[in-house]
Every structure is written in C-alpha cells, then in structure tokens.
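Since the structure comes first, as structure tokens, the remarks are kept for the end.
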Amino acid sequence: MILLRKLLFPFAILYGFVTSVRNYLYDKGILKSYSFDIPVIAVGNLSVGGTGKTPQIEYLIRLLSPNYKVATLSRGYKRKSEGFILADANANAAMLGDEPFQYYRKFPQIQVAVDADRRNGITQLLAQKDKPEVILLDDAFQHRKVKAGFYILLTAYDELFCDDYLLPTGNLRESRNGAKRANMIIVTKCPPNIPDLAQENIKKKIGLDMPIFFSFVDYDDKVYNQSSSLEVAKVKLQEKLLLAGIAKPKPFFDYLQSDNDVVMTFADHHHFTESDILNIKSQAIDTIIVTTEKDFVRLEAAIFGAQLYYLPIKSKLIKHSDTFDQIILNYVGTCTRNG
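Sequential numbering from -4 applies to the sequence shown in the numbering used here.
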C-alpha cells in the first residue's frame, strides 16, 4: 500500500495544482465567498478523517450554549437524505448522518442542521423565527463558498499535517499552506502527559504565528445504554464484543479490550446491513456489546435493550484551557455586538 502511494506521487502533484488554483481563485475574489453577520466558527482539518472533529464541536457546544443560541451545520456525511434538514423529533442517524444525530441527541438545547451547501444551510437557519446566534460548521475547512469568521484547524499528534503529503500519496486534502487560513490550531489525540518540550518542538515544526493548543481524548469511566450504565473497570474484566466503525479505532479498543474479547471493525460511518446485525448478534451471545457513541446511534434501533453500550469521550485541552475559552468567547462576543 505504501509503495502504491509513492507510485501515485505524480497524481498528488496534479491534485495539488488543482486545489491550489481553486484556493487562489477564492483568495483573489474571482470565486465568491459569502460571509454572514453572526459568529460562524468552522472546525476542520487538512487531512482525511480521524482528527477528532466531533469531540471538538461538542467542546464548543458546552462552552457556548449556556449563553448563546447555538446551531451546528454539517454536510451529513453518508446520510440517506438530500438538501437542508433541521433535526426534529422525527430525525434519525440515516436522515442526518451519525455525527449530527449524536449532537441532536446529546444537546437538546441547540439546533442541528445538515446541508452539503453550507451557504444555503446558514441562510435557512437564519430565516427561522428562532434563529441561532452562533453557528458551528462541522468539517468545513475546505468549504470556501462560505467565509467563516473563525477557523479552528485540527491536526492529529501522530499524523501532523506538516509531515504529510497530498492525496493520493498522503492524506492531505490540500497543500500545507492551507493552514495559514486558520485562526488557531489544535494538535489532537496527544498523550495526556506530553512534555512541554515536545509541545514546543511541534509548534516549531508547524512554524505558524498563531495560537496552538494541545488536546487529548478523555474516556468516560462508565459505558452507557438507554437505561443503565456499567463501570469501565468492571467491563474491562468481563468478556464482551467490542465494535467500532470509526476512522481510527485502535485507542478505543486499547482502552477497553481484554484477552478474551471479540473485536469487530467496520469502515468509518459504516451503514450496518441486516447481515451485519445478524453477524454481530451471533458473535455476542450471552455477552454485552460495547461500541463508540457514533456507532451507537446507528445500531441502537437494531440492537437494543441491555446488551448494547457505548463509551463517551471528550476533548480536553492539556494546558491553557482558560486562554482557549477566552479567545472563542471574545470572538463570539465581539462579533455578536458588532452584528
């Protein structure tokens, strides 16, 4: 696979040329970007998947929703619907996509919308009688048709964008220079005890004059289903089926797995078929199933009751969380007053 990617390097050059021309046209105003008179925060990355956008969006929801009417807008990756949809009591994961449905289930105080056309999605949200005061754009760093007021770029600790290459040789969606559009960078999925020197070395490697923060994935000490919870310490000791359909499931498995567990891995955002469900149930006779929160919203209708559990996660900043929060709150507060 690595050899094949190296052989495809000429296509990476071509891909880089195309994306650079597109960005140049937007930068010069030849292709029009649309801005809006309310705070719009875009969270995204330069690489393909697995940088922790969902927990970072949830961090911003927790920070902002006590004082502002917050809406999230996603494209609704792999959803079985089209156009603009605002989540309501009839929503499900197939309609919205797993991540937006997760937001809707966890945060009933916010509005959750999906639309591949972010400009249209924002316009639709602002046309409501009860319109939001802040909009969080999920995975919209390359969506240049909308000009957000604030960009948060995520890059994973073990796959820094500055060490990567363009598709198909590497995993970058656009040139590393795209990072200059960000207002801040968060290095995600760090070891919780990453030394200060290692943080400084990464900042030097990135080489950009902007705030750079470091975060880690904080796993809950319980797993949950619709009606109960179990202590992770006890779950680790019992036989179980661990199941994940996310981009990089290894940390999830490492956190929970014991020697006799059955482990099942599916592609990111996998749509579970009837055959998949039958296979999962046959592998989990008389045992519990523990999955990710994102997979749980797609599986709970088919595997319900006391058998299926999920493990929540949160994004936590290693240092300077007060500074991070204040930067976001200052942007939102200033933009709201100006608006």
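Ideal placement from N, C-alpha and C gives every residue a C-beta, glycine not left out.
Candidates 240, 248, 222 and 213, of which the one nearest residue 230 by Cα
The count along the sequence shown starts at 1 and reaches residue 230 at position 235. Per the Cα distances, 248.
Could you give the residue range of the beta strand (DSSP E) that holds residue 108?
Looking up residue 108 in the sequence shown gives position 113. Following the DSSP letters along the chain, one finds residue 108 inside the beta strand (DSSP E) bounded by residues 106 to 109.
Residue 107 versus residue 317: straight-line alpha-carbon distance, rounded
Locating residue 107 in the sequence shown gives position 112, counting from the first residue. Locating residue 317 in the sequence shown gives position 322, counting from the first residue. Computed Cα separation, rounded: 27 Å.
So, are the CB atoms of residue 156 and residue 185 less than 8 Å apart?
Counting from 1 along the sequence shown, the entry for residue 156 is found at position 161. Counting from 1 along the sequence shown, the entry for residue 185 is found at position 190. No, Cβ-Cβ distance for residue 156 and residue 185 is not below 8 Å.
Measuring CB atoms only, is the segment 221 to 238 touching the segment 277 to 285, in the sense that at least three cross pairs come out at less than 8 Å?
The answer is yes - the segment 277 to 285 touches the segment 221 to 238, with three or more Cβ pairs under 8 Å.
Does DSSP put residue 136 in a helix, a strand or coil?
The count along the sequence shown starts at 1 and reaches residue 136 at position 141. Correct three-state label for residue 136: coil.
Cutting at 7 Å between CB atoms, please list the residues of its own chain near residue 80, excluding the five before and the five after it.
Residue numbering aside, residue 80 sits at position 85 when the sequence shown is read from its first letter. The beta carbon of residue 80 is closer than 7 Å to those of 90, 91, 108 and 109 in its chain, skipping five residues each way along the sequence.
By the 10 Å Cβ neighbour count, where 16 or more other Cβ atoms means buried, how is residue 141 classified, buried or exposed?
Start at 1 with the first residue of the sequence shown, and residue 141 comes out as number 146. Counting every other CB atom within 10 Å of its CB across the protein chains shown gives residue 141 a total of 16 or more, marking it as buried.
Environment of residue 383 [buried if 16+ CB atoms lie within 10 Å]
With the chain covering only -4 through 334, there is no way to say anything about residue 383.
Quick one: give me the first and last residue of the alpha helix (DSSP H) that residue 9 is part of.
Taking the sequence shown and counting its residues from 1, one reaches residue 9 at position 14. DSSP places residue 9 inside the alpha helix (DSSP H), whose first and last residues are 4 to 22.
Taking 8 Å as the CB-CB cut-off, is residue 239 touching chain C?
Absent from the structure: chain C. Only one protein chain is present.
Where residue 213 falls: helix, strand or coil (DSSP):
Along the sequence shown, read from residue 1 onward, the residue named residue 213 stands at position 218. In this structure, residue 213 counts as strand in the three-state DSSP scheme.
Per DSSP, which one or two residues make a beta bridge with residue 258?
For the purposes of this step, residue 258 is taken as residue 263 along the sequence shown, with counting starting at 1. According to DSSP, residue pairing for residue 258 in a beta bridge involves 237.
Quickly, what does DSSP pair residue 182 with across the bridge? List them, please.
To locate residue 182, count along the sequence shown from 1; it is residue 187. In DSSP, residue 182 forms a bridge with 150 and 209.
State the DSSP-derived secondary structure class of residue 222, mapped to helix, strand or coil.
As a working note, residue 222 is residue 227 in the sequence shown. Under the three-state reduction of DSSP output, residue 222 falls in the coil class, being neither helix nor strand.
Just how far apart, CA to CA, sit residue 62 and residue 324?
In the sequence shown, counting from the first residue as 1, residue 62 sits at position 67. In the sequence shown, counting from the first residue as 1, residue 324 sits at position 329. So the alpha carbons of these two residues sit roughly 10 Å apart.
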